[in-house]
Structure formats: structure tokens, C-alpha cells
Ligand SMILES: *Cc1c(COP(=O)(O)O)cnc(C)c1O
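Okay, structure coming up:
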């Protein structure tokens, strides 16, 4: 018998296939990142056994503990949360991909890491400059800084759709911003967008990296 986790994962996978088909896309070009914040490392182990290789976390302390506990597994760790400048180097010690580069100070902080990391520039799709993500007027400057970095490989843009508008409209703005970014970084064609409640719309808009939490994990035990 399948576990509830297995059922939810298969449902999400089927929905991704369906949304990709409806958009005339191949699901093979879409990376599913299971966001496991607030859930124990044992759940990540279970997901690994179900074939999941991409794990997303949004808080440094929790992510670093899980990555250490599971270091023998071949997992790709994606850091998707707001990143404090003073924690950036520590996050880069276990994260393979950082989705939340939203200011030049982070680029500077990551200039001296060993090796290189794949990153996304997070853009703010709201009118509230206090939300995560670079404001639209500063996008080009930040993309130029990441491009100039010797340690960061820009994959594309990342965004969280605002709660107070239809996600498809927000993702249209994201696509327009991605076109602006690609004038500076033509190779940065990935798009990290789509969560439990908007991944269909994100796939229709061209998302290549979905960050899906509760649809896979069930409700978070300890929201905060
Ligand atoms: C928690 C989180 C997700 C996943 O959210 P769900 O709504 O549970 O799918 C995706 N992206 C970021 C940045 C998150 O913090």
C-alpha cells in the first residue's frame, strides 16, 4: 500500500504532467523541488526513496541540520528563503542552489566561497518594497553584479506570487522581468516559480523550477 506521502507526491507529479501537456511543454524540462520546511529529516529520507532528489528549505539553521543529517544521500539542496548577509557563506556550504539573491551585498558576501553555486535572482512582484526580492527598478544592476561574480552561475529569476491578485497576472510580470534580465544574461533562462496553490499557472507561464511544499508534505506541523 502507498503511504499518504507517496499518494500526495504521485498526485502532484500527475498534475505537473497534465499542466505541462496543456501548456504544450514537456514535464521533463521541469524540476520539482519538494519544500520540506518544518518537517523532519526522516520525511526527506522517505521522499528520497520515492525518487525525489531536489529539496527546498527556507531557514538556515533547520536546513543546515537536515543537510548534515542526510549528507550520505545524493540530494540537491535548494535554499529558497530570505537570506541574511552574514549567513550567506554558511548557507553556501550545503546549498547547491540559492534561489533568493535579492541584493548586491549578498553577491559580495558570496564572492569568496569555494567553487561556484547556481543562483536565481529573486524579484519582488508586489508593491511593498519590504517583501523579499529585488524591486523592479534595480533588477538590471543586480543581474549585472551576479554576472560579474566569479562564484555565482545565474540560472534565471525566482518569485513568489502575491496573494492579492490572480497568479497568472503576476507571472506575466515575472516573464517580462526575465526578458529584461536575459538582455544582460542571455543564458539565464530558468524560472523558479510555482507553489502549492499556483503551480499550474506557473507552468503555463514557463516555470522550470517548481517549489512545492504542502501539496506534497501535507500541512506543516509548526507554521511560523
Ligand atoms: C514554503 C515555500 C514554498 C512552498 O510553499 P507551499 O505553498 O507549501 O507549496 C515555496 N517557496 C518558498 C520561498 C517558500 O518559503
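Residue numbers (the working numbering): 29 to 252. Glycine included, C-beta positions come from ideal geometry on N, C-alpha and C.
1. For ligand 1, any of its heavy atoms closer than 7 Å to the Cβ of residue 301?
2. According to DSSP, is residue 71 part of a helix, a strand, or is it coil?
3. With H, G and I counted as helix, E and B as strand and the rest as coil, what does DSSP make of residue 83?
4. With H, G and I counted as helix, E and B as strand and the rest as coil, what does DSSP make of residue 7?
5. Would you say the beta carbon of residue 225 comes nearer than 7 Å to a heavy atom of ligand 1?
6. Let me check one thing: in DSSP terms, what residues is residue 146 bridge-paired to?
7. At the 8 Å Cβ level, is residue 176 part of the contact set with chain D, yes or no?
8. Please list the terminal residues of the continuous beta strand (DSSP E) segment that includes residue 60.
9. Leaving aside the five residues before and after residue 210 along the sequence, list all residues of the same chain whose C-beta is less than 8 Å from its C-beta, in chain order.
10. Taking the Cβ atom as the reference point for each residue, do residue 243 and residue 30 lie within a distance shorter than 8 Å?
11. Any idea if residue 128 is buried or exposed, counting beta-carbon neighbours within 10 angstroms, 16 or more meaning buried?
12. Taking the Cβ atom as the reference point for each residue, do residue 130 and residue 150 lie within a distance shorter than 8 Å?
13. By the three-class DSSP mapping on this structure, what secondary structure does residue 220 have?
14. Using DSSP bridges, identify the partner residues of residue 240.
15. By the 10 Å Cβ neighbour count, where 16 or more other Cβ atoms means buried, how is residue 121 classified, buried or exposed?
16. Compare the beta carbon distance of residue 180 and residue 138 with 8 Å and say whether it is the shorter of the two.
17. Using DSSP with H/G/I as helix, E/B as strand and the rest coil, what is residue 228?
18. Where residue 202 and residue 34 are concerned, what is the direct C-alpha to C-alpha distance, given to the nearest angstrom?
19. How would you label residue 133, buried or exposed, when you count the other beta carbons within 10 angstroms and need 16 or more for buried?
20. Using 8 Å as the cut-off, can you tell me whether the stretch 188-195 makes contact with the stretch 93-100, which would need three or more C-beta pairs spanning the two stretches below that distance?
21. Just the Cα atoms here: how many angstroms apart are residue 205 and residue 82?
Concretely, from the data shown:
1. Nothing about residue 301 can be read from this structure; the chain reaches only from 29 to 252.
2. helix
3. Residue 83 carries a strand assignment under DSSP once its states are collapsed to helix, strand and coil.
4. Residue numbering for the chain in the displayed model covers 29 to 252; residue 7 lies beyond these limits and cannot be assessed.
5. Yes, ligand 1 has a heavy atom inside 7 Å of this Cβ.
6. 125, 181
7. Among the chains of the structure shown, chain D does not appear; only one protein chain is present.
8. For residue 60, the enclosing beta strand (DSSP E) starts and ends at 59-63.
9. 216, 217
10. no
11. buried
12. yes
13. strand
14. 62
15. exposed
16. yes
17. helix
18. 32 Å
19. exposed
20. no
21. 25 Å
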